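Under numbering that gives the first Met the number 0, the first residue of the sequence shown carries the number 0, and numbering increases by one thereafter. First the structure, in the form of structure tokens, and then the observations on it.
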Amino acid sequence: MGFDRTHARGLVEGALANVGITVLVALLVFTAAAFLVSRAIVSPLNQLSSAVRHIAERGDLRQTIRIDSDDEVGQLARAVGMLVGKLKELLHQLQSSTELLSDSVSGLTESADQQNEMVTRHAAALQETQVTAQEIRQTAMLASGSAESVIQVAERAEQLSRTGEEAVSASIDGMEEVRNQVAEIAARITSLGERTRQISGITETVKDLADQSHLLAVNAAIEAARSGEHGKGFVVVAKEIRALADQSIRATNQVRRILQDINQAIIGTVEITVEGTERMEAGLTQVRTSGETLKELTAIVEDSTAAARQIARTVSQQATGIEQIFTAVNELNTLMTDTVSRISTTSDSAMSLKMLSERVSQVVRAYDV
Numbered sequence: 000m001g002f003d004r005t006h007a008r009g010l011v012e013g014a015l016a017n018v019g020i021t022v023l024v025a026l027l028v029f030t031a032a033a034f035l036v037s038r039a040i041v042s043p044l045n046q047l048s049s050a051v052r053h054i055a056e057r058g059d060l061r062q063t064i065r066i067d068s069d070d071e072v073g074q075l076a077r078a079v080g081m082l083v084g085k086l087k088e089l090l091h092q093l094q095s096s097t098e099l100l101s102d103s104v105s106g107l108t109e110s111a112d113q114q115n116e117m118v119t120r121h122a123a124a125l126q127e128t129q130v131t132a133q134e135i136r137q138t139a140m141l142a143s144g145s146a147e148s149v150i151q152v153a154e155r156a157e158q159l160s161r162t163g164e165e166a167v168s169a170s171i172d173g174m175e176e177v178r179n180q181v182a183e184i185a186a187r188i189t190s191l192g193e194r195t196r197q198i199s200g201i202t203e204t205v206k207d208l209a210d211q212s213h214l215l216a217v218n219a220a221i222e223a224a225r226s227g228e229h230g231k232g233f234v235v236v237a238k239e240i241r242a243l244a245d246q247s248i249r250a251t252n253q254v255r256r257i258l259q260d261i262n263q264a265i266i267g268t269v270e271i272t273v274e275g276t277e278r279m280e281a282g283l284t285q286v287r288t289s290g291e292t293l294k295e296l297t298a299i300v301e302d303s304t305a306a307a308r309q310i311a312r313t314v315s316q317q318a319t320g321i322e323q324i325f326t327a328v329n330e331l332n333t334l335m336t337d338t339v340s341r342i343s344t345t346s347d348s349a350m351s352l353k354m355l356s357e358r359v360s361q362v363v364r365a366y367d368v
């Protein structure tokens, strides 16, 4: 059986024609499929890409993505739609939070400014209080020193008062003893005056006897002269008796004058003693009065000393309290300074928050919801 080239060529050409038809049909089918795929995939993707590009470039979240297919593109579109919805909700919440934050920051800033102004005034007043407390502290220290000085003076006055009281008491005892001695001397002088008067009486008796002896001697001389020679011896005796009587009279007169002088001296001494006793009594009364006054003064000084001690204790307690107040004021001043610093930091932080909220507001306003 021979090989027919024409038949073979016909078969080949027929096969090629079939292949060409098949390829053409395939191309038509692929083109149709590509068109359908383009409509089913590319168009939604373009729509989705356009919406996302508007959101990214313009911040327009009002874009509506409507792709109703159930394939991956539709799921992606719905996911993007949900994301846009959540983003809208987030932006609404962020905008509300930003407005609330801005209002809060404004209130916080205003409050911080008011607090700063108030605390600054308080700090200035506290500094003045600190200066005043320092002055009061120094005054309290001076008062404490003065109180100690007052106590020393009061104790010295109390000691002097007691010494004076003891001296007055000793003076009273001494004056009473002197008064007793003066009274005893006065009694003895009075007794001496009485004895002097007795001696004066005896002297008068002796004078009377001398006068009588003188008279008897004169009478005896007269009688002896009458007797002549027999009476000469008796005359001599009568002369001697008369001379002795005259001498006795002179001595008696002299003793009487001396006794009178002694009596006058005794009388003067008694008067002076009585006057001195009266003066001593008056002085003793004054000294007793002075002693009573000094006792009262001592009691007053003791009360004053006790009061001074009480004042010193009170001043010491006040000084301790003022020292505690001064320490507390210093601590409060330190705390106030720290508070001012913290308020300043808070104010700075509030300003930073305000700037941040403004930037967030700008970001939020960049989107149209």
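Glycine is no exception: its CB is placed at the ideal position from the N, C-alpha and C atoms. Since we're looking at a predicted model, the values are computed, not measured.
Mind checking whether residue i and residue j have CB atoms under 8 Å apart?
i, j, result
"E175", "K294", "no"
"A307", "I150", "yes"
"L258", "T204", "no"
"G192", "V254", "no"
"E154", "T304", "yes"
"K353", "T119", "no"
"V314", "A156", "no"
"G275", "V181", "yes"
"N332", "Q94", "no"
"I261", "I188", "no"
"I171", "R287", "yes"
"K238", "A220", "yes"
"G290", "S199", "no"
Would you decide whether residue i is buried or exposed? Buried here means 16 or more other CB atoms lie within 10 Å of its CB.
i, result
"V328", "buried"
"A166", "exposed"
"L214", "exposed"
"I321", "buried"
"S272", "At residue 272 the sequence reads Thr, which differs from the Ser that was named. With 16 or more other Cβ atoms within 10 Å, it is buried."
"A311", "buried"
"T138", "exposed"
"T97", "buried"
"T344", "exposed"
"T162", "exposed"
"T284", "exposed"
To which residues of the same chain is residue i closer than 7 Å at the C-beta, ignoring the five residues directly before and after it?
i, result
"A209", "A244, S247, I248 and T251"
With a threshold of 8 Å on Cβ separation, who are the neighbours of residue i within its own chain once the five nearest residues in sequence on each side are excluded?
i, result
"M279", "M174, V177, R178 and V181"
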